[in-house]
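Structure below.
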């Protein structure tokens, strides 16, 4: 059975990506990152999702003491969805952007994949219903694949390493419909930037999730718990 490394954050997109890879008959190894985010809820959810999918997982702890993001600095304000949509129209990078986060995560994933003998890395990046992060765009992943080919043993030996973004051109509603078909346990996922008992329903991540379920014509299992 071929192996794949899946970056698993505990969110809706990464959970769908895990089930997408698993549906292709791959043995999936999940990487969960503890990088000093505002709360640990998404880490706990990621572990629960990996366990439900019967996949092995590793938690990688990364220190980013310089912060530089509202997701890392508890004193920084998380923008509300309505305010950020106005900024997005002006092509502003949101304060929830974590500098070079996906470059860091993919570098760890490449190393792990080489050691595990995996032939592919899956990441649930999305460039349609997203916050405007530069490391979620297709051109970033195209460039990173080139770097991986030049900077890894598998690349130099011609074995190659696929970096796959199956959700990158899908709307949130399309992702949710796909996940429902795949049996994704959306009740285990966590999208909110805040770590309270319930989602805040105010941040842009909550906004995209609400929009996705609404446009998919489905009820969010987390909303039913409010």
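Residue numbers (this note's numbering): 4 to 229.
Every residue, glycine too, gets a C-beta built ideally from N, C-alpha and C.
Which residue from the options puts its Cα closest to that of residue i?
i, options, result
"residue 105", "81, 139 and 224", "139"
"residue 28", "58, 216 and 39", "58"
"residue 63", "212, 52 and 12", "12"
"residue 31", "56, 45, 46 and 51", "56"
"residue 182", "7, 18, 8 and 9", "18"
"residue 196", "53, 124, 44 and 60", "44"
"residue 122", "132, 165 and 101", "165"
"residue 143", "225, 132, 173 and 103", "103"
"residue 54", "124, 34, 158 and 175", "34"
"residue 69", "118, 101 and 175", "101"
"residue 172", "36, 188 and 130", "130"
"residue 6", "116, 159 and 46", "116"
"residue 118", "157, 137 and 184", "157"
"residue 65", "132, 188, 36 and 141", "36"
Using the Cβ count rule (16 or more neighbours within 10 Å means buried), how would you classify residue i?
i, result
"residue 78", "exposed"
"residue 178", "buried"
"residue 229", "The predicted model places residue 229 with a pLDDT of 46, which falls under 50 and marks its position as unreliable; any figure quoted below should be read in that light. It is exposed - the Cβ of residue 229 has fewer than 16 other Cβ atoms within 10 Å."
"residue 134", "buried"
"residue 10", "buried"
"residue 212", "buried"
"residue 95", "exposed"
"residue 163", "exposed"
"residue 199", "exposed"
Output the distance between the C-alpha atoms of residue i and residue j, rounded to the nearest integer angstrom.
i, j, result
"residue 98", "residue 72", "6 Å"
"residue 223", "residue 208", "14 Å"
"residue 167", "residue 205", "31 Å"
"residue 308", "residue 161", "What is shown of the chain runs 4 to 229, which leaves residue 308 out entirely."
"residue 201", "residue 155", "42 Å"
"residue 127", "residue 80", "26 Å"
"residue 186", "residue 4", "21 Å"
"residue 76", "residue 39", "9 Å"
"residue 21", "residue 146", "23 Å"
"residue 25", "residue 225", "24 Å"
"residue 82", "residue 216", "21 Å"
"residue 109", "residue 125", "10 Å"
"residue 60", "residue 219", "30 Å"
"residue 214", "residue 175", "8 Å"
Spell out the partners DSSP gives residue i in its beta bridges.
i, result
"residue 125", "9 and 167"
"residue 30", "6"
"residue 206", "83"
"residue 35", "62"
Is there at least one non-hydrogen atom of the ligand ZN closer than 8 Å to the beta-carbon of residue i?
i, result
"residue 82", "What this structure holds is no ligand at all, so the ligand ZN is not there to describe."
Stretch pair the region 180-197 + the region 141-161: three plus CB contacts closer than 8 Å: Cβ pair count under 8 Å is below three, so no.
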